[in-house]
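**Q** Numbering-wise (my numbering), the sequence shown opens with residue 149 and increments by one.
In this text, a Cβ means the ideal position worked out from N, Cα and C, and glycines have one as well.
My structure is below; once you've seen it, I'll send some questions.
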Amino acid sequence: MIAPVEITHGDSPVVLGLPHTGTYVPPEVEAQLNTRGRGLEDTDWHIHRLYDGILEGASTVRATFHRYVIDANRDPSGVSLYPGQNTTTLVPLTDFDGHPIWNRDPDAAEIEARRLAYHAPYHAALAAALERAKAQHGFAILYDCHSIRSTIPFLFDGTLPDFNTGTNMGTTCDPAIEDIVVTACAAAEGYSSVLNGRFKGGWTTRHYGRPEEGLHAIQVELAQSTYLNAETAPWSYDAAKATRLRAHLNTILTRLASWAPMTGGNT
149 MIAPVEITHG DSPVVLGLPH TGTYVPPEVE AQLNTRGRGL EDTDWHIHRL YDGILEGAST
209 VRATFHRYVI DANRDPSGVS LYPGQNTTTL VPLTDFDGHP IWNRDPDAAE IEARRLAYHA
269 PYHAALAAAL ERAKAQHGFA ILYDCHSIRS TIPFLFDGTL PDFNTGTNMG TTCDPAIEDI
329 VVTACAAAEG YSSVLNGRFK GGWTTRHYGR PEEGLHAIQV ELAQSTYLNA ETAPWSYDAA
389 KATRLRAHLN TILTRLASWA PMTGGNT
């Protein structure tokens with residue numbers, strides 16, 4: 149078994165969360181997946197590579213396990229992120245297209261075992277990284293890194309914008325932090341963007357986003373068309389696209405790292 153989380157410590161107030169880029173599936177779990185599930189299509193492909201070294205001094209917390217094992221961006225209690233809308237659960241039973249991924253669905257005992265082995269260590273590491281940054285700077289900013297195919301009829305209509313910023317309707321961070329990201333996305337020539345559209349921030353953003361305590365969280369969901377050759381297997385990284393995109397991501401993260409609250413750790 150590999151470690152469930154990879155951590156790098158930096159001296160920036162910005163912490164990058166990477167909950168969905170891992171592809172590790174333990175053998176006993178892989179044996180339960182059907183052929184479609186073993187394709188791991190719902191990975192945030194290469195997102196750790198896209199963000200690698202993009203902000204000097206940033207701490208990173210990366211889940212190494214795949215979201216089919218257990219989803220690090222879902223409420224451990226199983227409460228839905230988007231009541232009334234199609235979505236995937238703490239341990240997904242279907243893929244993003246609504247197709248079953250298991251030969252045998254995991255039972256409650258298996259889900260709890262996975263929560264303890266994978267979900268809990270990831271969030272313990274993320275919470276520690278944020279507290280470390282806050283202790284050093286008086287505040288911390290969680291920037292949750294995500295990507296997804298731009299067209300998934302089961303989850304949303306039409307084509308997803310390139311940049312999808314989520315702050316749970318402005319509740320998870322200082323308004324100035326939201327403005328930094330939204331302004332930079334809107335200024336990125338050739339890219340489309342939206343604030344609190346289909347993706348308003350997952351459980352991680354909502355759970356850690358407590359601006360009144362000096363803990364700020366924001367999620368950016370990228371359309372995979374912005375940095376992959378194609379949104380189909382083998383999910384190849386397009387270096388030219390990625391270089392162009394990384395320039396804008398660097399602008400966002402550099403501005404976030406230089407932000408400071410108006411008074412103390414709060415505004």
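1. Thinking phenylalanine 148 and phenylalanine 302 are a contact (beta carbons under 8 Å), I'd like their distance in whole angstroms, please.
2. Could you tell me whether any non-hydrogen atom of the ligand NAD is closer than 7 Å to the CB of alanine 335?
3. Exposed or buried, which one is alanine 206 when buried takes at least 16 other CB atoms within 10 Å?
4. Looking only at its own chain, which residues have a Cβ that is under 6 Å from the Cβ of histidine 194, when we skip the five neighbours before and after it?
5. Below 8 Å on the Cβ atoms is my contact criterion, and I expect glutamate 369 with histidine 294 to pass it. Report the Cβ-Cβ distance as a whole number of Å.
6. Between the Cα of proline 248 and the Cα atoms of Leu343, Gly187, Glu326, which residue gives the shortest distance?
7. Could you give the residue range of the beta strand (DSSP E) that holds isoleucine 366?
8. My assumption, with CB atoms under 8 Å, is that aspartate 192 sits in contact with threonine 169. Please give the rounded CB distance.
9. With distances taken Cα to Cα, identify the nearest neighbour of valine 329 among Gly350, Leu290, Asn251, Arg297.
10. Label isoleucine 150 either buried or exposed according to how many other C-beta atoms from any shown protein chain fall within 10 Å of its C-beta, with 16 as the threshold for buried.
11. Take isoleucine 400 as the anchor and find which of Ile202, Glu154, Gln180 has the nearest alpha-carbon.
12. Determine the contact status of valine 239 and alanine 405, defining contact as a CB-CB distance below 8 Å.
13. Look at alanine 275 and threonine 320 and say whether their C-beta atoms are less than 8 Å apart.
14. Starting from the C-beta of arginine 252, find all residues in its chain whose C-beta is less than 7 Å away, skip the five residues before and the five after it, and write them out in chain order.
15. What is the DSSP secondary structure of valine 330, counted as helix, strand or coil?
16. Whose CA, out of Pro152, Thr391, Pro224, Ala332, lies closest to the CA of glycine 350?
17. So which of Gln367, Arg297, Asn344 has the shortest CA-CA distance to threonine 352?
18. In terms of residue numbering, what span does the beta strand (DSSP E) encompassing threonine 353 cover?
19. Using DSSP's beta-bridge definition, name the partner residues of threonine 313.
20. Can you check whether the C-beta of leucine 397 is within less than 8 Å of a C-beta belonging to chain D?
21. Helix, strand or coil: how does DSSP classify threonine 415 here?
22. May I have the straight-line CA-CA distance separating valine 173 from glutamate 326, to the nearest angstrom?
23. Please list the segments of the beta strand (DSSP E) lying wholly inside the segment 260-296, counting only runs of 3 or more residues, in order along the chain.
24. Leaving aside the five residues before and after phenylalanine 347 along the sequence, list all residues of the same chain whose C-beta is less than 6 Å from its C-beta, in chain order.
**A** According to the data block:
1. The chain is shown only over 149 to 415; residue 148 falls outside these bounds and no answer can be derived.
2. Of the ligands one can find in the structure shown there are none, so the ligand NAD has no counterpart to examine.
3. buried
4. Tyr385
5. 4 Å
6. Gly187
7. 363-371
8. 5 Å
9. Leu290
10. exposed
11. Ile202
12. no
13. no
14. Gln180
15. helix
16. Pro224
17. Gln367
18. Threonine 353 -> not in any beta strand (DSSP E); alpha helix (DSSP H) instead, spanning 351-356.
19. Leu343, Val368
20. No chain D is part of this structure, which consists of one protein chain only.
21. Note that threonine 415 scores 39 on pLDDT, short of 50, meaning its location in the model is unreliable and no value can be drawn from it.
22. 35 Å
23. 288-296
24. Asn312, Gly314, Glu369
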